[in-house]
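K.L.:
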Amino acid sequence: MKLKRKLGILILGCAVIGVALYGSIQKEPYSTGAVVDSVWDKYDVQSTQIGEFENQNIGKPGIYIDVYNEEEIQKVEKYLVKNLSKEDLEKYEIDVFLFEE
23 MKLKRKLGIL ILGCAVIGVA LYGSIQKEPY STGAVVDSVW DKYDVQSTQI GEFENQNIGK
83 PGIYIDVYNE EEIQKVEKYL VKNLSKEDLE KYEIDVFLFE E
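Here you go:
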């Protein structure tokens, strides 16, 4: 009986460790570019750009996104605020605007 119990605990422990390792391996590392690029999959956008000035005194770097539909401007802004890190939100100015031909 003791052998079955020890074997069961060992198998359960291995399963927990396996699930934890699998979860940590599958997690993508965070990047600002990946978050901005994911906007393409979720919304109808014309272009995305992450820009910084060579001279930091000129202005705050920005994330610029062109959308086709005016209704999506707020949705894209909310998505970025939700998915970008706090550091990115402090570093970048987010500018989502309507594409004009």
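Just so we're aligned, residue 23 is where the sequence shown starts under the numbering used here, counting upward by one. Just so it is clear, CB atoms sit at the ideal spot from N, CA and C, and this is done for glycine as well.
Please state the DSSP three-state secondary structure of Leu106.
P.N.:
Here Leu106 sits in coil by DSSP.
K.L.:
Could you please give the first and the last residue of the uninterrupted alpha helix (DSSP H) stretch that includes Asp63?
P.N.:
Taken as a continuous stretch (DSSP letters only), the alpha helix (DSSP H) holding Asp63 covers 54–64.
K.L.:
Kindly indicate the opening and closing residues of the beta strand (DSSP E) around Phe119.
P.N.:
115–120 is the span of the beta strand (DSSP E), which, as asked, contains Phe119.
K.L.:
So that I know if they touch, is there some Cβ in chain D lying closer than 8 Å to that of Leu29?
P.N.:
Given the protein chain composition of this structure (a single chain), no chain D is represented.
K.L.:
Residues in its own chain within less than 8 Å of Phe75 by CB, not counting five upstream and five downstream?
P.N.:
The residues are Gly81, Pro83.
K.L.:
What span of residues does the beta strand (DSSP E) with Gly73 cover, start to end?
P.N.:
Residues 67–73.
K.L.:
Nearest to Trp62 by alpha carbon, out of Ser107, Ala42, Val98?
P.N.:
Here the closest residue by C-alpha is Val98.
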